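A.B. asks:
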Amino acid sequence: MITHPTSHVPRKPLVASIVGMDGCGKSSTFRGALNTLADRIRVVGIGDQVLSGGPDEPLKERLDIPLSRSAQIIGRFAKGLRWQRLYKNLKFIELTQRTRIRDYVTIHDPPDVILTDGQPLVNCAAWSVAHFYKEDLLGDDEELYQALRYLAGEETIPLRELPRYLHRAWPLALLNLLRLGRFKPPDLIFLLDLDSAVAMARIRARGKPLQVHETEALLGELGRGYVRVCDLFQERRGIPVTRIRVDQVSLEEAVQIVTDGVLEHVLARPNIETTSRPQPGTIEVIATTMSGSIQDQRKVQQIGPEFRSRTSRLVRVHAADTHAEARAIAHAIVAGGGRTIVSAGGAGTFNAVLEGAHLNGTVPSDLHLAFLRKGSADLIGKALGIPDQLPAAVEAIVEGIEDDRRVQADILAVETTESDGQVQRRHLVGFGGIGAFGEVPRFTESRLIKVYKGVLGSLLGDLGPFFVGLALATGWWQLQRFFGRVPPMSLTLDDHHIPPETWGAVLVLNGDLGADFPLGRGLRLGSESFRVIALCYRGLRQALRQIKAARRGTILDEPESYGAVVRTVRRLTVRPTEARPYMVNVDGGRMLTRGEVCISVSGQVWLIAGREV
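In the working numbering, each residue's number is its place in the sequence shown (first place is 1) plus 4.
This is how it looks when you write it as structure tokens:
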């Protein structure tokens with residue numbers, strides 16, 4: 005979890021984990037401690053179920069948390085498997101989902117404490133030490149600690165080591181390279197220790213079928229693995245580890261030890277985290293870990309050193325796994341007084357930063373935003389004269405900050421009104437649209453889809469992922485049209501009304517984004533207007549002609565010959581004739597609606613420019 009750099013932010017939850025081999029009473033201790041803690045503080049428990057409660061809220065299952073149900077199903081299914089290889093891979097998926105659940109709770113609904121039954125990072129490392137995987141990957145403590153850093157997402161596996169990891173521990177390599185989850189370490193560890201023979205006796209006493217790994221020999225290795233991993237965390241990270249010999253204490257005593265240990269650390273913490281208040285001159289870099297090509301994704305760890313080597317200003321780098329996290333970080337920075345933010349990610353990342361920078365509906369007039377080009381933000385970065393290579397890009401941004409080189413850009417508000425009167429409001433700076441163009445984020449913005457975006461970006465350049473996504477989105481839109489799910493829509497461009505038509509795509513360009521995306525040609529980013537290109541659907545052949553003309557920019561010169569409407573306006577209103585769900589593209593992000601969409605100029609923001617602007 006990123007510590008938000010403000011002078012007054014709610015503290016992040018304390019994460020305490022109960023770990024140990026099967027048969028040690030881990031789940032019983034977890035449930036007992038969770039119930040006891042809920043009488044004193046607000047707590048979320050992550051185990052076979054996700055539970056939450058507090059002094060005024062009885063413990064209840066949280067099925068509203070994403071992945072909570074699927075993690076539960078996968079875990080139950082894995083327990084009945086007799087094939088070790090499939091078992092270990094399914095357990096790895098379950099643990100990956102538990103890390104995502106922890107991240108979600110930490111960001112969206114932080115309690116005082118997150119208590120976990122097991123711990124993904126500790127479990128995986130202990131299993132590996134116990135030779136649970138096919139080969140012994142971790143030969144010594146240095147190699148073990150490095151693998152822990154890879155699992156935690158703190159470092160990317162170097163290409164020279166990748167073949168070995170793919171051969172011996174491909175799930176780890178996949179998780180690390182694709183950023184599918186970060187196995188973050190806990191703040192406290194309670195290790196339940198037990199002799200493996202006693203553990204097997206307890207397991208057999210349950211009268212249930214044994215799981216594939218439940219043998220005395222393997223549990224003995226697993227127990228030694230837990231001790232080794234926990235000792236390493238305590239030595240290298242200073243994470244407090246409480247070792248409980250469960251054959252020498254009762255369950256009630258074990259629960260009391262865990263409860264007392266958690267409460268001691270919670271009550272010793274201040275009610276708020278106090279950090280240095282960001283100054284307007286501080287450079288705050290918000291970097292998402294899954295934007296752009298594989299080369300782009302590897303930039304994240306280099307960003308801080310590159311900035312610090314070129315400026316005497318304070319530089320802080322905040323890594324975000326999701327756009328929601330990037331938005332929360334940006335809001336904390338701006339609310340705390342920060343006024344210079346660098347977005348290191350795609351257009352969706354910049355949009356999240358822009359949304360987070362809004363205070364009371366507007367961005368501060370002295371806010372300065374910069375693009376460090378990754379992914380779809382390459383288009384806007386190019387328009388601002390920011391080079392693609394990281395060292396040159398950082399130098400251009402630092403010079404732009406020092407020399408006060410900046411470009412004013414309009415902020416467009418995107419509002420949707422549902423049939424029940426509910427209003428959604430988002431903002432964009434670059435581009436947006438509906439129809440096939442609106443569906444593009446469906447095929448470019450999910451976590452798994454970013455896998456192919458990274459590969460395509462490496463092979464085909466900046467626009468490779470976009471055009472593949474556009475092709476998929478066009479196919480999806482055609483399928484929806486075939487089944488009658490694309491209603492006609494009327495357009496109102498300022499005062500000009502166009503009756504309902506079937507629009508293959510309606511594109512919105514806030515300004516000139518350069519030769520790679522020529523539809524904004526000649527339009528300043530700060531013109532207090534935006535360009536609308538509406539493509540009327542007249543069959544597949546005509547649609548292909550329209551896409552080709554739009555790619556070349558010739559559609560701007562002869563729109564009528566391509567069945568298009570091109571206008572530069574201050575306000576666009578789209579009204580569907582039926583309340584069917586459709587997607588709005590907002591700077592490459594998704595916005596789902598069923599009702600009217602209104603796009604208008606709502607404000608302006610300063611963008612830091614390079615030398616060529």
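In this text, a Cβ means the ideal position worked out from N, Cα and C, and glycines have one as well. As the structure is a computational prediction, the values presented were derived from the model and not from experiment.
Per DSSP, what kind of secondary structure is residue 188 in: helix, strand or coil?
C.D. replies: Correct three-state label for residue 188: coil.
A.B. asks: Hey, is the stretch 434-449 in contact with the stretch 575-595, meaning 3+ C-beta pairs nearer than 8 Å?
C.D. replies: Cβ pair count under 8 Å is three or more, so yes.
A.B. asks: Taking the alpha carbon of residue 524 as the reference point, which residue from 530, 515, 531 and 532 has its own alpha carbon closest?
C.D. replies: The option with the nearest alpha carbon to residue 524 is 515.
A.B. asks: Hey, is the stretch 565-585 in contact with the stretch 484-498, meaning 3+ C-beta pairs nearer than 8 Å?
C.D. replies: The stretch 565-585 is in contact with the stretch 484-498.
A.B. asks: Who does residue 104 pair with in a DSSP beta bridge?
C.D. replies: BP columns for residue 104 are empty, so no partner.
A.B. asks: When we look at the beta-carbon of residue 359 and count the other beta-carbons within 10 Å, is it buried (16 or more) or exposed?
C.D. replies: Buried, since its Cβ has 16 or more Cβ neighbours within 10 Å.
A.B. asks: Does the Cβ-Cβ distance between residue 266 and residue 18 come in under 8 Å?
C.D. replies: Yes. Within cutoff.
A.B. asks: Hey, quick one: how far does the beta strand (DSSP E) through residue 145 stretch, first residue to last?
C.D. replies: That residue, residue 145, is in no beta strand (DSSP E); its alpha helix (DSSP H) goes 145-155.
A.B. asks: Which residues in the same chain as residue 559 place their Cβ atom closer than 6 Å to its Cβ, once the five residues preceding and following it in sequence are excluded?
C.D. replies: These residues qualify, in order along the chain: 553, 566 and 568.
A.B. asks: Is it right to say residue 174 is buried, meaning 16 or more other beta carbons lie within 10 angstroms of its own, or is it exposed?
C.D. replies: Under this definition residue 174 is an exposed residue.
A.B. asks: Check residue 75 in the structure and name its three-state DSSP category.
C.D. replies: The answer is helix: DSSP assigns residue 75 an H, G or I state.
A.B. asks: Pick out whichever of 345, 579 and 347 has its Cα sitting closest to the Cα of residue 438.
C.D. replies: Nearest option by C-alpha distance: 579.
A.B. asks: Where does residue 364 fall in DSSP's three states?
C.D. replies: Here residue 364 sits in coil by DSSP.
A.B. asks: What residues in its chain sit with their C-beta under 7 Å from that of residue 245, if we drop five residues either side in the sequence?
C.D. replies: Cβ within range, chain order: 193, 195, 234, 237 and 238.
A.B. asks: Should residue 618 and residue 538 be called a contact, given that it needs their Cβ atoms to be closer than 8 Å?
C.D. replies: No answer is possible for residue 618: the residues shown for the chain start at 5 and end at 617.
A.B. asks: Apart from the five residues just before and just after residue 474, which ones in its own chain have a Cβ nearer than 6 Å to its Cβ?
C.D. replies: Once the five neighbours on either side are set aside, the close Cβ partners of residue 474 are 444.
A.B. asks: Helix or strand or just coil, what does DSSP make of residue 531?
C.D. replies: Coil, per DSSP.
A.B. asks: Give, in chain order, every unbroken run of the alpha helix (DSSP H) that is at least 4 residues long and sits entirely within the stretch 180-268.
C.D. replies: You should have 200-209 and 220-241.
A.B. asks: Would you give the residue range spanned by the alpha helix (DSSP H) that residue 32 belongs to?
C.D. replies: Note, residue 32: alpha helix (DSSP H), 30-42.
A.B. asks: Tell me the rounded alpha-carbon separation between residue 163 and residue 228.
C.D. replies: Going from the Cα of residue 163 to the Cα of residue 228 covers about 31 Å.
A.B. asks: Looking at C-alpha atoms only, which residue of 415, 56 and 28 is the closest neighbour of residue 530?
C.D. replies: The candidate whose alpha carbon is nearest that of residue 530 is 415.
A.B. asks: Do you know how far the Cα of residue 599 is from the Cα of residue 423?
C.D. replies: Their Cα atoms are separated by approximately 6 Å.
A.B. asks: Can you tell me whether residue 399 is buried or exposed, with buried defined as 16 or more other CB within 10 angstroms of its CB?
C.D. replies: The residue in question, residue 399, is buried, as its Cβ has 16 or more Cβ neighbours within 10 Å.
A.B. asks: Select from 242, 495, 405 and 420 the residue whose C-alpha is nearest the C-alpha of residue 189.
C.D. replies: Minimum Cα distance to residue 189 is reached at 242.
A.B. asks: Rounding to the nearest angstrom, what Cα-Cα distance links residue 603 and residue 556 in this structure?
C.D. replies: Those two C-alpha atoms are separated by around 25 Å.
A.B. asks: Would you decide whether residue 609 is buried or exposed? Buried here means 16 or more other CB atoms lie within 10 Å of its CB.
C.D. replies: Buried is the call here.
A.B. asks: With 16 other CB atoms within 10 Å as the buried threshold, where does residue 374 fall?
C.D. replies: The residue in question, residue 374, is buried, as its Cβ has 16 or more Cβ neighbours within 10 Å.
A.B. asks: Taking the C-alpha atoms as reference points, what is the distance between residue 141 and residue 150?
C.D. replies: Residue placement at residue 141 is flagged as unreliable, the pLDDT there being 46, under the threshold of 50; the coordinate-derived value follows with that caveat. When rounded, the distance between both Cα atoms is 11 Å.
A.B. asks: Inspect the beta-carbon positions of residue 338 and residue 371 and report whether they are closer than 8 Å.
C.D. replies: Yes; because the gap between Cβ atoms is below 8 Å, this pair is in contact.
A.B. asks: So does the stretch 46-60 actually touch the stretch 102-110, counting three or more Cβ pairs closer than 8 Å?
C.D. replies: Flag = yes, the stretch 46-60 and the stretch 102-110 touch.
A.B. asks: Tell me the start and end of each unbroken alpha helix (DSSP H) in the stretch 305-386 that is at least 4 residues and wholly inside, in chain order.
C.D. replies: Listed in chain order, they are 327-339 and 351-360.
A.B. asks: Check whether the Cβ atoms of residue 315 and residue 345 sit closer than 8 Å, and answer yes or no.
C.D. replies: No, these two residues do not count as a Cβ contact at 8 Å.
A.B. asks: To which residues of the same chain is residue 541 closer than 7 Å at the C-beta, ignoring the five residues directly before and after it?
C.D. replies: Once the five neighbours on either side are set aside, the close Cβ partners of residue 541 are 506, 507, 508 and 547.
A.B. asks: State the Cα-Cα distance for the pair residue 160 and residue 25, rounded to the nearest angstrom.
C.D. replies: So the two alpha carbons sit approximately 29 Å from each other.
A.B. asks: Assuming residue 405 is part of the alpha helix (DSSP H), what are its boundary residues?
C.D. replies: 394-406 is the extent of the alpha helix (DSSP H) around residue 405.
A.B. asks: Just how far apart, CA to CA, sit residue 215 and residue 223?
C.D. replies: In a straight line, the C-alpha of residue 215 is about 12 Å away from that of residue 223.
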